[in-house]
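Visitor: Residue numbers (the working numbering): 8 to 236. Don't be surprised by glycine CBs; every beta carbon is placed ideally from N, CA and C.
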């Protein structure tokens, strides 16, 4: 969603129409996806799903940096695992798909923004603190990069008067892009199914660490719920 929004700078297009302007009043008509390079910081489940969704848009190259990613899994999607610097130097769209932890906090800052093409965009839908916001604001103001799309921030909600809110080359969202009404509903239904399964003495269908089913204490608990103990 944010890739499309920043490529066409929908924020400016919307404001232009609302104040009575038209396409001749736009500062530009937008950037292409076809023929460009899509890069990702991280190549886990979310990044791989993004690359799957991007397959039909004609990107010339798909690249990612992730020291923990399986090269085979990436290759199946046509994704090339490359060094950190390559993602920033060669991508037209740099997407952040990394978790927030001690290793990743603040790992994208001035050095990385200065590596990026002046025509490139940063997209962050992961966690705000992975990116140093002060450096990002400077990069956007001084034209080191063309723009950014952000669904996450160092502080949430975004404080009133934040410098990011004053920039025209950034599209902002309230950490809600992943959610839809159906997704919220389905999450609730799935939670209820898992709770009911345990209450009936059955393994929850959404169980991830299935090795717990071999734990004697867990097996005994389910047996009690089934009325066997």
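Can you tell me which of the three DSSP states residue 55 falls into?
Guide: Helix, per DSSP.
Visitor: Leaving out five residues before and five after residue 68 in sequence, what residues of the same chain have Cβ atoms less than 6 Å from its Cβ?
Guide: 44
Visitor: Out of curiosity, what's the CA-to-CA distance linking residue 153 and residue 79?
Guide: 33 Å
Visitor: When you compare each of 148, 101, 183, 151 to residue 165 by their alpha carbons, which one comes out closest?
Guide: 183
Visitor: Hey, which unbroken runs of the alpha helix (DSSP H) at 4 residues or more fall wholly within the stretch 45 to 108?
Guide: 52 to 61, 78 to 83, 91 to 97
Visitor: Roughly how far, in whole angstroms, is the beta-carbon of residue 206 from the beta-carbon of residue 232, given that I think they are within contact range, below 8 Å?
Guide: 6 Å
Visitor: Whole angstroms is fine: what's the gap from residue 29's alpha carbon to residue 35's?
Guide: 12 Å
Visitor: According to DSSP, is residue 131 helix, strand or coil?
Guide: Judged by DSSP in its simplified three-state form, residue 131 adopts strand.
Visitor: Would you list the one or two residues that DSSP bridges to residue 155?
Guide: DSSP lists 129, 177 as the bridge partner or partners of residue 155.
Visitor: State buried or exposed for residue 186, treating a residue as buried only when at least 16 other CB atoms are found within 10 Å of its CB.
Guide: exposed
Visitor: Measuring CA to CA, which of 75, 120, 101, 65 is closest to residue 85?
Guide: 65
Visitor: Between residue 76 and residue 52, what straight-line distance do the alpha-carbon atoms span, to the nearest angstrom?
Guide: 10 Å
Visitor: Between the Cα of residue 151 and those of 221, 201, 204, 118, spot the shortest distance and give me the residue it belongs to.
Guide: 118
Visitor: What does the alpha-carbon distance come out to for the pair residue 39 and residue 14?
Guide: 7 Å
Visitor: Beta-carbon within less than 6 Å of residue 123's beta-carbon, same chain only, minus the 5 sequence neighbours each way: which residues are those?
Guide: 95, 152
Visitor: On the CB-based measure, 16 or more other CB atoms within 10 Å of its CB, does residue 155 come out buried or exposed?
Guide: By the neighbour-count definition (other C-beta atoms within 10 Å, threshold 16), residue 155 is a buried residue.
Visitor: Hey, how far is the Cα of residue 200 from the Cα of residue 191?
Guide: 14 Å
Visitor: Could you spell out the range, first to last residue, of the alpha helix (DSSP H) harbouring residue 18?
Guide: 17 to 25
Visitor: Helix, strand or coil for residue 138 per DSSP?
Guide: strand
Visitor: Between which two residues does the alpha helix (DSSP H) holding residue 122 run?
Guide: Here the alpha helix (DSSP H) through residue 122 covers 117 to 122.
Visitor: Can residue 115 and residue 89 be called in contact, C-beta distance under 8 Å?
Guide: no
Visitor: Please report the straight-line C-alpha distance between residue 31 and residue 204, rounded to a whole angstrom.
Guide: 60 Å
Visitor: Excluding sequence positions up to five away, which residues of its chain have a Cβ less than 6 Å from the Cβ of residue 102?
Guide: 47, 130
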